[in-house]
Amino acid sequence: MTARRSTDHGAAGDTLSSDTQTATLTSTSTPMATPLEPATAATSSTLEEPPPEKLSDVRRRIWVIVSFWLIVLLLGLPIWWKTTTIHRANLPLKEMLDWADGKACRPVFPLRISIQANSLQEQEAQNLLRLTQHALDDLNDFSGHHLRLQLSSPAAAQKQKDEPDTALTIRLLPGEAVTATLDPYEPVLDITYPPNAAPSATSASSTLATYVAGQLRSTFAEEQAIISYLLSSNSIPSDYRPQGLTPEAAESLAKRTTRSLKYAPTYHLTFSLFTSGPLPSSWDIEAAIQDYMKPVLDLLSPIHNFTIDTQVQLYASPGVQNQVLSKDDLSSFINAAEWPLSPSIGGAPTVNFIVFVGNQTIALSSQQDQDAVAEGGLNTSQSWLIPQWGTVYLLSLPHDTAHVSVDALKQPLLTFTSHLLSLTGTPNSGSLPLRLSTLSRIRSADLLLRASSTLGSLARLALALKSISIPSSVADGVSKTIVHLRRACETLGEAEGLEHARIAEAEAERAFFEKSMVGQLYFPDEHKVAVYLPLLGPVAVPLVMGLLNELKAWRKRRREAAEKRKAKKKE
Amino acid sequence: MKLSNIIRLPALLGAMLLSTAAVVEAEHTSNWAVLVCTSRFWFNYRHLANVLSIYRTVKRLGIPDSQIILMLPDDMACNPRNAFPGTVYSNADRAVDLYGDNIEVDYRGYEVTVENFIRLLTDRVGEEMPRSKRLLTDDRSNILVYMTGHGGNEFLKFQDAEEIGAFDLADAFEQMWEKKRYHEILFMIDTCQANTMYSKLYSPNIIATGSSELDQSSYSHHADNDIGVAVIDRYTYYNLEFLENEVRDTSSKKTVGDLFDSYTYEKIHSNAGVRYDLFPGGAEAARSRLVTDFFGNVQNVEVDGSKNTTLEEDMLALSKTIAALRKKADEEEAISVGKEKSNAPEPETDMKNETLVTHKSQFAKPLTDDNWLMKKLSALGAVVGCAVLWQMGSWLDPAQK
């Protein structure tokens, strides 16, 4: 007993154990002295009992055991608890899920449209406005996308135009017939009307008003369609209820979403000249970009930034060598194994524009393509678009061309430019200024939805994976995201909305992809036993045994004391 | 222009929208491959050859290197025991050098760890990670995940040092699904008791297949006597055989079902398993997927029709607008700048001075200086605490005497 005690105390090795060791030494020294005395009696069968322990020794031993247990319970347990618990910052889970389900924000795009009717009387104009608004409201079956008309007085016309949140201006001009044309330079819709078509100040209906409403609807039809497609594919409940379906339109919309790149604040454009032989070896790409692409890049600059690099690769063989390429060949035309097409410069996604010098042609074989041929009068094509990736243009040049001039690059660059617009997700219909403002609205809706769904993913993940740690930076990111989402939701349809949506999306991504939220996520219980047992087992055995022994001794002493008392009473 | 037509158009356009989401089966737009070997050392030559031969196949079928993540824990080509330095072969006929001259290993040597693998899948990487080492997939990406190494019941060993559990893998896939990081996944694993590795998966749109059942070993196919070790595993060998013979280019119409049907016990010497239940539409839908949906790079190209001349006009119009816009913006800027200048010319110079000053003061600084005081205080506390403990000890000691 004493030997065991001395070893386990010796292991602790601090000031406490040093007193206990002296204690055990003294306690062993007393029995050591005694065995000599009853040496003769040892021949008898009964084992000699050691003399009773001193009361002070017993008390000291109790103190020792109690102090060890106190250290374990007060110091060891809290340290173990503290160091092994997984830090999980509090996330506003309910709010995050609300955002993901579309409960927190109802995306509404109020578009302000001002009407300039300089030739109409004030009251006539007011009446026309009222009637048109009525007609619009009757037509509208998607309340999230709302057109609101307002009349701009001639004096304020100039000022109105400067206001950025006016999506479209309608200029009503007297003319011979009812016509509508979109101004190509500005977001202006010119509508002419014969003098008799203008409604009087009191009339209750007007064909002109219906016409204007119809024009407006068709101008914004694509935007509306895209936005409600976005909302529905993100399972945001909207009160937009369709009645039927045209497969072609559905397909074109789905195609549009597959084609366009995921939003990124910056895109990297790579212009590559591939040639199968040694020539041409240089090209005027900088001048060509400056002439044919820069204007569009400038126009897109409020929404995206662009970085550009160019390369020339000689002796590049395409993946398909056929003279006439069928549509199936096109998908394997790019020799991905050998062409250096992914520069991975910086963090921006790359859009590839390839000019391949060669005399290969594309055969349009499908029925749809045949129709296009019939209309266009050409039976070949030079370029194709690869969704979310870029464009390839086959440029045929005379054999000895060593230098590709700006003129030769004009057609490829113009093709690239129009493809860039569709790759960034610009809608196809309408005048360019209108298309760009639509793009910014679509992108802010897109970003808003993506940030919301990221929040939802994070919340569901936090609920599902109990053992994943959530550092406080994630909680920060989430709260920032929510603040910006709220602001974006309030200012949807304005330039500010895009900015907030962009920040919200970036923050949400950063929170979700927090670097420290990894590690071995899952530990089976067997693993825990295997880790703790070899460590804690040897420590726990003497501790527990010491406590049990002492308890036993204490009970024995109590019983003895009780018997003694009884015996005394009997006496 | 007819009035009624105009009014109907938006209604029609709008009409298809909601149903679109349900009806149109979203196609994938990019293909990615994650090819992982988890064992090192010369006698595991065959595992590296497995991975490299799958790498060669997906590259042959058009997946570019930027969309292949290749993890190789060891370099067999440069191993001093390699009788054919600089090469790796997966067949004793040594017809195709898998190492070749165009190979891009993304994670090599001791970079191949469970943590890095999970980081790759979940994209929880630092800013410093180059794009080529990241899995930049989205909800339109099909991913082929191929793993090989030494495994057991519900785990796969990484480099003799650690292991990935079936639960870890399932959770990683679930995180990918939550973040919409894949469209469909084909998970292939060639290891002992491989089928247990995919038994815990629970995320949708995954087809999983493995080489052997619980308590079954996965065997090597044959050894090359000159190289001196086995060069390929049976399961991978017969996968490759199918891919080489039946799927010659991206236009192949062979389905995943055809590939799975080619597995027999006689060939593989273990029961290859397939799991369809995570796939919407079950076995039928999963089996009808093309092999090239996962092993090839399928691009749905859009061919331009004939040239449209309106483009150029558009462009000209554009340039004009921009000229106008720029002019206006420049004027406004000039006005505002002028105002600012007249209002406050001095602060600007002050600002310049300040920036100069801040530029000068470049000395070493801690990366984060939040809680500086607390850190110092706690350090002081610890020192004082130690001193007190020592004092107490030496005070107790003579007290004993």
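Note that the protein sequences, when read in sequence, are chains A and B. In terms of full-length UniProt numbering, the first sequence opens at residue 1 and continues consecutively. In terms of full-length UniProt numbering, the second sequence opens at residue 1 and continues consecutively. No residue lacks a Cβ here, since even glycine has one placed at the ideal position from N, Cα and C.
> For Val-72/A, which residues from the same chain have a beta carbon less than 7 Å from its beta carbon, with the 5 sequence-adjacent residues on both sides left out?
Replying inline: As a first step, residue 72/A must be located in the first sequence, where it is residue number 72. Excluding residues within five positions, the ones whose Cβ falls inside 7 Å are Leu-543.
>> I'd like to know if Lys-570/A contacts chain B, where contact means its C-beta is closer than 7 Å to some C-beta of that chain.
In response: For the purposes of this step, residue 570/A is taken as residue 570 along the first sequence, with counting starting at 1. Not an interface residue.
> Does the distance from the CB of Glu-163/B to the CB of Phe-155/B come in under 7 Å?
Replying inline: If you number the second sequence from 1, residue 163/B lands on position 163. If you number the second sequence from 1, residue 155/B lands on position 155. Yes.
> Just how far apart, CA to CA, sit Leu-243/B and Thr-57/B?
Replying inline: As a first step, residue 243/B is located in the second sequence; it is residue number 243 there, counting from the start. As a first step, residue 57/B is located in the second sequence; it is residue number 57 there, counting from the start. Their Cα atoms are separated by approximately 8 Å.
>> Please tell me whether Thr-191/B and Ser-217/B are closer than 7 Å, where the distance is taken between their beta carbons.
In response: As a first step, residue 191/B is located in the second sequence; it is residue number 191 there, counting from the start. As a first step, residue 217/B is located in the second sequence; it is residue number 217 there, counting from the start. Cβ distance not < 7 Å, so Thr-191/B and Ser-217/B don't count as in contact.
> To the nearest angstrom, how far is it from the Cα of Gly-149/B to the Cα of Tyr-45/B?
Replying inline: As a working note, residue 149/B is residue 149 in the second sequence. As a working note, residue 45/B is residue 45 in the second sequence. The alpha-carbon atoms of Gly-149/B and Tyr-45/B are separated by roughly 10 Å.
> Roughly how many angstroms lie between the CA atoms of Leu-458/A and Phe-512/A, to the nearest whole one?
Replying inline: If you number the first sequence from 1, residue 458/A lands on position 458. If you number the first sequence from 1, residue 512/A lands on position 512. Cα-Cα distance, rounded: 6 Å.
>> Here's the rule: buried if 16 or more other CB atoms are within 10 angstroms of the residue's CB, otherwise exposed. What is Ala-540/A?
In response: Locating residue 540/A in the first sequence gives position 540, counting from the first residue. Result: exposed.
> Run through DSSP, which three-state label would residue 411/B get?
Replying inline: This structure cannot speak to residue 411/B, because chain B is shown only from 1 to 401.
> Does the region 262 to 272 of chain B touch the region 30 to 43 of chain B, meaning 3 or more C-beta pairs lie closer than 8 Å?
Replying inline: no
> Is there a Cβ from chain B that is less than 7 Å from the Cβ of Glu-526/A?
Replying inline: As a first step, residue 526/A must be located in the first sequence, where it is residue number 526. Taking Cβ atoms only, chain B never reaches closer than 7 Å to Glu-526/A, which makes this a no.
>> Please report the straight-line C-alpha distance between Ser-105/B and Lys-59/B, rounded to a whole angstrom.
In response: By 1-based counting over the second sequence, the position of residue 105/B is 105. By 1-based counting over the second sequence, the position of residue 59/B is 59. Checking the sequence, you will find Val at residue 105/B rather than Ser. Straight-line Cα distance between these residues: approximately 13 Å.
>> Is it buried or exposed, Ala-167/A, if we count other Cβ atoms within 10 angstroms and call 16 or more buried?
In response: Along the first sequence, read from residue 1 onward, the residue named residue 167/A stands at position 167. That one is buried.
>> Quick check on DSSP: helix, strand or coil for Met-545/A?
In response: Translated into positions along the first sequence, residue 545/A becomes position 545. Correct three-state label for Met-545/A: helix.
> Taking the alpha-carbon positions, what's the Arg-502/A to Arg-181/B distance?
Replying inline: Taking the first residue of the first sequence as 1, we reach residue 502/A at position 502. Taking the first residue of the second sequence as 1, we reach residue 181/B at position 181. Going by the C-alpha atoms only, they are around 20 Å apart.
>> Can you look up Ser-29/A in the DSSP assignment and give me helix, strand or coil?
In response: Looking up residue 29/A in the first sequence gives position 29. Reliability fails at Ser-29/A, whose pLDDT of 42 lies under 50, so the model's placement of it is uncertain and no value is given.
> Among the residues of its own chain, which have a CB less than 6 Å from the CB of residue 423/B, if the five just before and after it don't count?
Replying inline: Chain B is shown only over 1 to 401; residue 423/B falls outside these bounds and no answer can be derived.
> Quick one: any contact between the region 76 to 89 of chain B and the region 104 to 124 of chain B, if contact means 3 or more CB pairs under 8 Å?
Replying inline: no
>> Measuring straight from C-alpha to C-alpha, what distance separates Arg-108/B and Pro-471/A?
In response: To locate residue 108/B, count along the second sequence from 1; it is residue 108. To locate residue 471/A, count along the first sequence from 1; it is residue 471. One C-alpha to the other measures close to 30 Å.
> Looking at the C-beta of Thr-250/B, does it have a partner C-beta in chain A at a distance below 7 Å?
Replying inline: Reading the second sequence from its first residue, position 250 is the one you call residue 250/B. By this cut-off, Thr-250/B is an interface position.
>> Rounded to the nearest angstrom, what separates Glu-95/A and Lys-179/B at their Cα positions?
In response: Taking the first residue of the first sequence as position 1, residue 95/A is located at position 95. Taking the first residue of the second sequence as position 1, residue 179/B is located at position 179. Going from the Cα of Glu-95/A to the Cα of Lys-179/B covers about 18 Å.
>> Per the DSSP calculation, Phe-158/B is bridged to which residue(s)?
In response: One-based indexing of the second sequence puts residue 158/B at position 158. Bridge partners of Phe-158/B: Glu-162/B.
>> With a threshold of 7 Å between beta-carbons, can Met-517/A be considered close to chain B, or not?
In response: Position 517 of the first sequence, counted from the start, is the residue given in the question as residue 517/A. With 7 Å as the cut-off, Met-517/A counts as an interface residue toward chain B.
> What three-state label does DSSP hand Pro-10/B in the structure shown?
Replying inline: Walking along the second sequence from the start, residue 10/B turns up at place 10. At Pro-10/B the pLDDT is 41, less than 50, meaning the model places this residue with poor confidence; the figure from the coordinates comes in the next sentence. Helix at Pro-10/B.
> What separation, rounded to the nearest whole angstrom, lies between the Cα atoms of Ala-161/B and Phe-41/B?
Replying inline: Translated into the one-based positions of the second sequence, residue 161/B becomes position 161. Translated into the one-based positions of the second sequence, residue 41/B becomes position 41. Taking the straight line joining both Cα atoms gives about 13 Å.
>> Which residues in chain A have a C-beta closer than 7 Å to the C-beta of Thr-122/B? List them in chain order.
In response: The count along the second sequence starts at 1 and reaches residue 122/B at position 122. Residues of chain A whose Cβ lies closer than 7 Å to the Cβ of Thr-122/B are, in chain order, Val-518.
>> So the candidates are Val-406/A, Glu-186/A and Leu-436/A; which of them puts its Cα closest to the Cα of Ser-301/A?
In response: Along the first sequence, one-based indexing puts residue 301/A at 301. Comparing Cα-Cα distances from Ser-301/A to each of Val-406/A, Glu-186/A and Leu-436/A, the minimum goes to Leu-436/A.
> Are the beta-carbon atoms belonging to Thr-426/A and Thr-350/A less than 7 Å from one another?
Replying inline: Counting from 1 along the first sequence, the entry for residue 426/A is found at position 426. Counting from 1 along the first sequence, the entry for residue 350/A is found at position 350. Against a cut-off of 7 Å, the Cβ pair of Thr-350/A and Thr-426/A comes out as no contact.
> Who are the Cβ neighbours of Arg-248/B in its own chain at under 8 Å, not counting the five residues just before and after it?
Replying inline: Here residue 248/B refers to the residue found at position 248 when the second sequence is read from its first residue. Nothing meets the Cβ criterion.
> Can you find at least 3 beta carbon pairs, one from the region 413 to 433 of chain A and one from the region 249 to 268 of chain A, that sit closer than 8 Å?
Replying inline: yes
> Buried or exposed: where does Ser-228/A fall if 16 or more other Cβ atoms within 10 Å of its Cβ makes it buried?
Replying inline: Along the first sequence, one-based indexing puts residue 228/A at 228. With 16 or more other Cβ atoms within 10 Å, it is buried.
>> Buried or exposed for Pro-194/A, going by 16 or more other Cβ atoms inside 10 Å?
In response: Reading the first sequence from its first residue, position 194 is the one you call residue 194/A. Its Cβ having fewer than 16 others within 10 Å, Pro-194/A is exposed.
>> Please identify, using Cβ separations under 9 Å, the residues of the region 250 to 269 of chain A that lie next to chain B, in order along the chain.
In response: If the cut-off is 9 Å between Cβ atoms, the region 250 to 269 of chain A has Ala-250, Glu-251, Leu-253, Ala-254, Lys-255, Thr-257, Thr-258, Arg-259 and Lys-262 near chain B.
>> Pairs of beta-carbons, one from the region 167 to 187 of chain A and one from the region 87 to 107 of chain A, closer than 8 Å: are there three or more?
In response: no
> Mind checking whether Val-96/B and Leu-52/B have CB atoms under 7 Å apart?
Replying inline: By 1-based counting over the second sequence, the position of residue 96/B is 96. By 1-based counting over the second sequence, the position of residue 52/B is 52. It is not a contact, given that the beta carbons lie outside the stated cut-off.
> Got a sec: which bits of the region 78 to 98 of chain A sit with their beta carbon under 9 Å from any beta carbon on chain B, in order along the chain?
Replying inline: none
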